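Chemist: This is the structure I have questions about; it appears just below.
Numbering (the numbering used here), first residue to last: 410 to 613.
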């Protein structure tokens, strides 16, 4: 490697990443995805893997593993624990990519209010936060495309999403707009998937 070349990727991961893997498994092991009996952990592993594929550091990859832990597993108390275990950078990225900080999921703000706030927060997020968000949406959109493609009842499937077909399309296009303007390395992949999803949703 030349003197002026930028090193790509995190390199070998440390025991900190192992610890994050074990902890995130404990936090989310009983949760399932909206498309059936698929362990939610599969999503978190893919988001972290995507972040690493796009050159993320170990801290960013750990934040990708934990990006749903505040909104789904304890709110601000969980964020405090993340900061104590893994440091300020990880905690900051998790906060930037959290949809809600309510400890009780039944007390979350209405769907549109939360999504508007998420998009606004993403505008101000760090580059690392934008990357984790993009990787999160890449996996979410790809999963939704697979589900809709293999389902004969799109209406029943979309009822699981509070925004419905129109809201889902708006939300992912809004996130994509931010990701593109921030020149995230994951923007091209996300754009391709969002275009495909919107096309499917327009026929629902």
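Ideal Cβ positions, reconstructed from N, Cα and C, are used throughout, including at glycine. This one's a predicted model, so the numbers in the text were calculated from it and none came from an experiment.
For the alpha helix (DSSP H) that contains residue 572, what are its first and last residues?
Modeler: It is not in any alpha helix (DSSP H) - residue 572 carries neither H nor E in the DSSP assignment.
Chemist: How many Å lie between residue 410 and residue 488 at the Cα?
Modeler: In this prediction, residue 410 has a pLDDT of 34, which is less than 50 and means its spatial position is unreliable; what the coordinates show is noted afterwards. Roughly 38 angstroms between the two C-alpha positions.
Chemist: So, using beta-carbon positions, are residue 586 and residue 459 closer together than 8 angstroms?
Modeler: Not a contact, by the Cβ cut-off of 8 angstroms.
Chemist: Between the stretch 589-603 and the stretch 534-545, do three or more beta carbon pairs fall short of 8 angstroms?
Modeler: With three or more CB-CB distances shorter than 8 angstroms, the stretch 589-603 counts as touching the stretch 534-545.
Chemist: Give the straight-line distance between the Cα atoms of residue 470 and residue 584, rounded to the nearest whole angstrom.
Modeler: 20 angstroms
Chemist: Would residue 472 pass as a contact of residue 503 if the rule is Cβ separation under 8 angstroms?
Modeler: yes
Chemist: Mind checking which residues open and close the alpha helix (DSSP H) that includes residue 607?
Modeler: Note, residue 607: alpha helix (DSSP H), 596-611.
Chemist: With DSSP as the reference, label residue 421 as helix, strand or coil.
Modeler: coil
Chemist: In whole angstroms, give me the CA-to-CA distance for residue 599 and residue 606.
Modeler: 10 angstroms
Chemist: How should residue 465 be labelled, buried or exposed, when 16 other C-beta atoms within 10 angstroms of its C-beta is the threshold for buried?
Modeler: buried
Chemist: Near residue 474, which residues of its chain fall below 6 angstroms by C-beta distance, leaving aside the five closest residues on each side in sequence?
Modeler: Around residue 474: 429, 433, 453 and 457.
Chemist: What are the complete alpha helix (DSSP H) segments, minimum 4 residues, inside the stretch 494-527?
Modeler: 497-505
Chemist: What does the alpha-carbon distance come out to for the pair residue 414 and residue 436?
Modeler: At residue 414 the pLDDT is 37, less than 50, meaning the model places this residue with poor confidence and gives no usable figure here.
Chemist: Any chance the stretch 505-514 sits against the stretch 475-487, with 3 or more Cβ pairs inside 8 angstroms?
Modeler: yes
Chemist: Measure the C-alpha to C-alpha separation of residue 491 and residue 518 and round it to an integer number of angstroms.
Modeler: 23 angstroms
Chemist: For residue 508, does the count of other Cβ atoms within 10 angstroms reach 16, so buried, or fall short, so exposed?
Modeler: buried
Chemist: From residue 416 to residue 462, what distance separates their C-alpha atoms?
Modeler: Only weak support is given to the placement of residue 416: the predicted model assigns it a pLDDT of 44, under 50, and the question is left unresolved by the model.
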